[in-house]
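Per the numbering used here, the sequence shown starts with residue 62, numbered consecutively.
Beta carbons: idealized from backbone N, C-alpha and C, even for Gly.
To keep things clear, I will list the structure first and then write my remarks on it.
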Amino acid sequence: MTPDPTETSGWQATATQAEALLTVTDLSTAYLGDREPVRAVRDVSFELRRSEVLGVVGHSGCGKTTLAMSLLRLVKPPGKITAGDVDFDGEKLFRRPRARMSGIRGVRMSLIPQAAMNVLDPLRTARASVAEIITAHRDTSRSAARERAGALLGSVGLSQDRFDAYPHELSGGMRQRVVTAMALVNEPVLVIADEPVTGLDVIVQAQILELLSELRARDALSILFISHDLGAVAKLADRIMVMEAGRVVELGPTDQVICAPVHPYTRRLVAATPRLDAPAAPPGPSNGPAPGAPDRVDAPLLRLVDVRKHFSGGHRLHRRKAVVKAVDGVSLNVAPGEIVGIIGESGSGKSTVARLILGLIRPDRGQVVFDGSDIARLPENRLREMRRSMHLVFQDPYDSLSPKMRVRELVGEPLVIHGSVGGGGLHDRVLEALEETDLRPAIEFAERYPNELSGGQRQRVALARALVLRPRLIVADEPTSMLDVPLRAGLLATMRSLRSRHGVTFVFITHDLALARIFCDRVAVMFRGQIVELGPTDRIIAAPGHPYTEALLTAARDLRPVVAASGHDQARGPLDDAATGCCYRSRCPAANDICAQAPTLRAVEEARSVACHMVEPTQQGQPAGTGADRTHQPEVD
């Protein structure tokens, strides 16, 4: 039996046997095979009190999900629970016949799985998905099940007009609410939430965390909250359990684990978590501007001028859907060697801007000018040639790399497509790109397949693939959102180093202002297809000018607990697709009559612009307060 981490770390557990709903003792789970068994969970012991939220954190592969599956007795071969005991509400779970686990699983103990899109049946509506679980566990009529399903969906904050929508018609936050409702069907006393906010933007993350907090208070739920994101766990959990290599290395009250971590791994985890209140990184070889890069955008490498891209909503049941204004009048300049972040929630138009920049789609109006040439007007052969100078790094490294190709083939493929080099030259360039992205020894990584790499290594392969053509511009679309905190920090350091050594220009698309703060020179904040604020990253974070930027900051991934009445509930407000005027006015608490007119992005101080009637221009270093100056000026970069 391993020492109790609550004792070795100096913390005393506050749960007692009398209070405990769940008691886990010396639990071990291994994956058996031809080689030595992989011990995914090693001698884990802890208690979970009634109505408590216990956060479980650690990097990918540390055993968090295997722990959850072990508690539910859902470990699939070649996995096997090899030792330990689990006492749940007074019953020894491992002594219960497996066939009788259905009386526990999904009834008194339920799971909110990660990746809601993969859990929901694409052919069933939200209401039908919940009703199916009700009829599986209860002897009830179809109409009664549908009625209760609607009540459950309403209780988790899904609007009634979305009850009969299919998964692809729901946003990420809405899908997560549906999965949460499915977990609550049988009124469980314990919910295991496995990475419920991974990949969601910060506004939706805050909503889901607040929902879980409300459900805990309303239904006296106990929650085992599993995540690799220490910031998300810190907002919700009463206590935090840190796992490394299958073991619990630290366990204690949230504020103590965050503010005074004892174990070296916990210290590294806390230090690697991006924080908005941390000092800005000092200038240095890895984060300073590229040699010769201008401080101002006087000679932009990339220029977007009043770019618009709308998509037809199509038809459903003979009703025409509204046009989606994905990008609606965006103007932006990016200097050589600059890192510009594009920030906003899901659906704000960030990824559409990326596709427009790369010429993957053509704008309905406006110009996308790269190195003096308007991409939107180039013939296909010229556009293909220009793409040698720009490249895209996708969000999900698991989907962006072919599992049938070796790393050397994946990285070398752009060289083959563009006919840049061949033979030994191609091999040398591939190894050089792998070295540049810290995949060492390169000769060994070159022969591996993607399934033999970690998430961080896969994303470095994607970056090496982008770098091999020696592009001038890399567009990185949420490249860190699927990665653990330490892996994020390492990838960003590599990208900064590439900027410093080669003068690579980055357009960094993210929903996370804390990440943007440590990586980007400037940020453009987007909402509903428009840039609502633009300027130097530190100044925008220190004193946001637009109310939407302020809402993003409130919801940002920071080491602070959820506050139910945060004063920023406007981030949750409904959006009126038919509304005219300011794109944010249906959410904005300060909206008034003038907001019926659409504001223009205008200069409020040097190198900073805001699209809000309430912000007056000033020369004093930050935007002034409420005002209604309607003399709009062109964007100033």
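Practice task
Could you say if the segment 290 to 301 and the segment 508 to 521 meet the contact criterion of at least three C-beta pairs nearer than 8 Å?
Solution key: No, because fewer than three Cβ pairs between the segment 290 to 301 and the segment 508 to 521 fall closer than 8 Å, the two stretches do not touch.
Handout entry: Beta-bridge partners of tyrosine 92, as assigned by DSSP
Key = On the sequence shown, position 31 is the one that residue 92 refers to. DSSP output for tyrosine 92 lists Val99 and Gly140 as bridge partner(s).
Problem - For phenylalanine 588, three-class secondary structure by DSSP - result: Within the sequence shown, numbered from 1, the residue matching residue 588 stands at position 527. The three-state secondary structure of phenylalanine 588, taken from DSSP, is strand.
Practice task
Kindly give me the distance between the Cβ atoms of alanine 525 and threonine 566, rounded to whole angstroms, as I take these residues to be in contact under 8 Å.
Solution key: Along the sequence shown, read from residue 1 onward, the residue named residue 525 stands at position 464. Along the sequence shown, read from residue 1 onward, the residue named residue 566 stands at position 505. A Cβ-Cβ distance of about 18 Å is found for the pair alanine 525 and threonine 566, leaving them out of contact under the 8 Å criterion.
Exercise for the section: Using 10 angstroms around the beta-carbon of asparagine 348, count the other beta-carbons present and answer buried if the total reaches 16, otherwise exposed. Expected result: Taking the first residue of the sequence shown as 1, we reach residue 348 at position 287. Because the pLDDT of asparagine 348 is 45, which lies under 50, any placement of that residue in the model is unreliable, and the number read from its coordinates should be weighed accordingly. Burial state of asparagine 348 is buried, judged by a 10 Å Cβ sphere holding 16 or more other Cβ atoms.
Practice task
Give every residue of the same chain whose Cβ lies closer than 7 Å to the Cβ of leucine 528, excluding the five residues on either side of it in the sequence, and list them in chain order.
Solution key: To locate residue 528, count along the sequence shown from 1; it is residue 467. Within the same chain, leucine 528 has close Cβ partners Ala494, Glu497, Thr498 and Leu559.
Handout entry: Secondary structure, beta strand (DSSP E): runs of 3+ residues fully inside the segment 408 to 486
Key = Listed in chain order, the beta strand (DSSP E) elements of length 3 or more contained wholly in the segment 408 to 486 are 426 to 431 and 451 to 454.
Problem - Same chain, Cβ closer than 7 Å to arginine 209, five either side skipped, listed in chain order - result: Against the sequence shown, residue 209 aligns to sequence position 148. Its chain contains Ile195 as the residues whose beta carbon lies nearer than 7 Å to that of arginine 209, once the 5 sequence neighbours on both sides are disregarded; these appear in chain order.
Problem - Exposure label - glycine 211; buried when at least 16 CB within 10 Å - result: Stepping through the sequence shown from its first residue, residue 211 is reached at position 150. So glycine 211 ends up on the buried side.
Exercise for the section: Identify the continuous beta strand (DSSP E) that holds asparagine 394 and give its terminal residues. Expected result: Translated into the one-based positions of the sequence shown, residue 394 becomes position 333. Here the beta strand (DSSP E) through asparagine 394 covers 385 to 395.
Handout entry: Unbroken stretches of the beta strand (DSSP E), 3 residues or longer, contained in the segment 259 to 314
Key = If you keep only unbroken beta strand (DSSP E) runs of at least 3 residues inside the segment 259 to 314, you get 283 to 288, 300 to 305 and 308 to 314.
Exercise for the section: State the Cα-Cα distance for the pair valine 482 and valine 468, rounded to the nearest angstrom. Expected result: Residue numbering aside, residue 482 sits at position 421 when the sequence shown is read from its first letter. Residue numbering aside, residue 468 sits at position 407 when the sequence shown is read from its first letter. A straight line joining the alpha-carbon of valine 482 with that of valine 468 spans about 17 Å.
Practice task
Pull up the distance between the alpha-carbon of glutamate 539 and that of proline 335, whole angstroms please.
Solution key: On the sequence shown, position 478 is the one that residue 539 refers to. On the sequence shown, position 274 is the one that residue 335 refers to. If I take the Cα positions, the gap works out to 15 Å.
Exercise for the section: Measuring alpha carbon to alpha carbon, tell me which of Thr571, Val147, Asp222 and Ala550 ends up nearest leucine 261. Expected result: The residue given as residue 261 occupies position 200 in the sequence shown. Here the closest residue by C-alpha is Thr571.
Practice task
Look at leucine 285 and valine 117 and say whether their C-beta atoms are less than 8 Å apart.
Solution key: Walking along the sequence shown from the start, residue 285 turns up at place 224. Walking along the sequence shown from the start, residue 117 turns up at place 56. Yes.
Handout entry: Cβ pair arginine 600, threonine 555 closer than 8 Å
Key = For the purposes of this step, residue 600 is taken as the residue at position 539 of the sequence shown. For the purposes of this step, residue 555 is taken as the residue at position 494 of the sequence shown. Cβ distance not < 8 Å, so arginine 600 and threonine 555 don't count as in contact.
Problem - Closest by C-alpha distance to leucine 181, when choosing among Leu132, Ser232, Val136 and Thr143 - result: For the purposes of this step, residue 181 is identified with residue 120 of the sequence shown, where counting begins at 1. Check the Cα spacing between leucine 181 and each of Leu132, Ser232, Val136 and Thr143: the tightest is with Ser232.
Exercise for the section: Would you identify the three-state DSSP class for alanine 494, choosing helix, strand or coil? Expected result: Position 433 of the sequence shown, counted from the first residue, corresponds to residue 494. Helix.
Practice task
Taking all protein chains shown into account, decide if aspartate 290 is buried (16 or more other Cβ within 10 angstroms of its Cβ) or exposed.
Solution key: Counting from 1 along the sequence shown, the entry for residue 290 is found at position 229. Under this definition aspartate 290 is a buried residue.
Practice task
Mark histidine 198 as exposed unless 16 or more other C-beta atoms lie within 10 angstroms of its C-beta, in which case mark it buried.
Solution key: Position 137 of the sequence shown, counted from the first residue, corresponds to residue 198. The residue is exposed, with fewer than 16 neighbouring Cβ atoms inside 10 Å.
Practice task
Write down the C-beta distance between lysine 370 and proline 424 rounded to the nearest angstrom, noting that I regard them as a contact closer than 8 Å.
Solution key: For the purposes of this step, residue 370 is taken as residue 309 along the sequence shown, with counting starting at 1. For the purposes of this step, residue 424 is taken as residue 363 along the sequence shown, with counting starting at 1. Cβ atoms of lysine 370 and proline 424 come within 8 Å of each other, at about 5 Å.
Practice task
List the DSSP bridge partners of histidine 371.
Solution key: The sequence position of residue 371 within the sequence shown is 310, counting from 1. Paired residue(s): Lys386.
Practice task
Starting from threonine 566, follow the beta strand (DSSP E) in both directions and report where the run begins and ends.
Solution key: Here residue 566 refers to the residue found at position 505 when the sequence shown is read from its first residue. Per DSSP, threonine 566 belongs to the beta strand (DSSP E) from 566 to 571.
Problem - Reference threonine 641, options Asp280, Asn653 and Gln658, closest by Cα - result: For this step, residue 641 is matched to residue 580 along the sequence shown. For threonine 641, the nearest C-alpha among the options comes from Gln658.
Exercise for the section: Can you grab the Cα-Cα spacing for the pair proline 98 / aspartate 489, in whole Å? Expected result: Taking the first residue of the sequence shown as position 1, residue 98 is located at position 37. Taking the first residue of the sequence shown as position 1, residue 489 is located at position 428. Each residue's CA atom was taken as its position, placing proline 98 and aspartate 489 some 38 Å apart.
Exercise for the section: Taking arginine 669 as part of the beta strand (DSSP E), name the residues at either end of that continuous run. Expected result: For the purposes of this step, residue 669 is identified with residue 608 of the sequence shown, where counting begins at 1. Per DSSP, arginine 669 is one residue of the beta strand (DSSP E) stretching across 669 to 671.
Problem - Identified DSSP bridge partners for phenylalanine 506 - result: Counting from 1 along the sequence shown, the entry for residue 506 is found at position 445. When DSSP reads this structure, phenylalanine 506 sits in no beta bridge, so it has no partner.
Practice task
Using alpha carbons as the reference points, say which of Ser121, His120 and Thr90 lies closest to serine 106.
Solution key: The count along the sequence shown starts at 1 and reaches residue 106 at position 45. With distances taken between CA atoms, serine 106 lies nearest to Thr90 out of Ser121, His120 and Thr90.
Problem - Burial state of arginine 646, where buried means 16 or more other Cβ atoms lie within 10 Å - result: The residue you call residue 646 lines up with position 585 of the sequence shown. So arginine 646 counts as buried.
Problem - Test item: CB-CB of valine 536 and isoleucine 418 under 8 Å - result: For the purposes of this step, residue 536 is taken as residue 475 along the sequence shown, with counting starting at 1. For the purposes of this step, residue 418 is taken as residue 357 along the sequence shown, with counting starting at 1. Their beta carbons are under 8 Å apart, which means valine 536 touches isoleucine 418 by this criterion.
Handout entry: Euclidean distance between Cα positions of proline 678 and aspartate 460
Key = The count along the sequence shown starts at 1 and reaches residue 678 at position 617. The count along the sequence shown starts at 1 and reaches residue 460 at position 399. Whole-angstrom Cα-Cα distance: 45 Å.
Problem - Beta carbon of leucine 649 nearer than 8 Å to that of proline 608 - result: Walking along the sequence shown from the start, residue 649 turns up at place 588. Walking along the sequence shown from the start, residue 608 turns up at place 547. The sequence shown places cysteine at residue 649, rather than the leucine named in the question. By the CB criterion at 8 Å, cysteine 649 and proline 608 fall inside the cutoff.
Practice task
Using beta-carbon positions only, say whether arginine 422 and valine 414 come within less than 8 Å of one another.
Solution key: Residue numbering aside, residue 422 sits at position 361 when the sequence shown is read from its first letter. Residue numbering aside, residue 414 sits at position 353 when the sequence shown is read from its first letter. Sequence inspection shows isoleucine at residue 422; the arginine mentioned does not correspond to that position. In this structure, valine 414 does not lie closer than 8 Å to isoleucine 422 by Cβ.
Exercise for the section: May I have a chain-ordered list of the beta strand (DSSP E) segments no shorter than 3 residues that lie completely inside the segment 109 to 173? Expected result: Entirely contained in the segment 109 to 173, the beta strand (DSSP E) runs reaching 3 residues are, in chain order, 114 to 118, 140 to 149 and 170 to 173.
Exercise for the section: Taking only the alpha-carbon atoms, compute the straight-line gap between arginine 207 and valine 258 and give it to the nearest angstrom. Expected result: Numbered from 1 along the sequence shown, position 146 holds the residue referred to as residue 207. Numbered from 1 along the sequence shown, position 197 holds the residue referred to as residue 258. About 27 Å.
Problem - Range covered by the beta strand (DSSP E) that runs through glycine 402 - result: Position 341 of the sequence shown, counting from 1, holds the residue named residue 402. Taken as a continuous stretch (DSSP letters only), the beta strand (DSSP E) holding glycine 402 covers 400 to 404.
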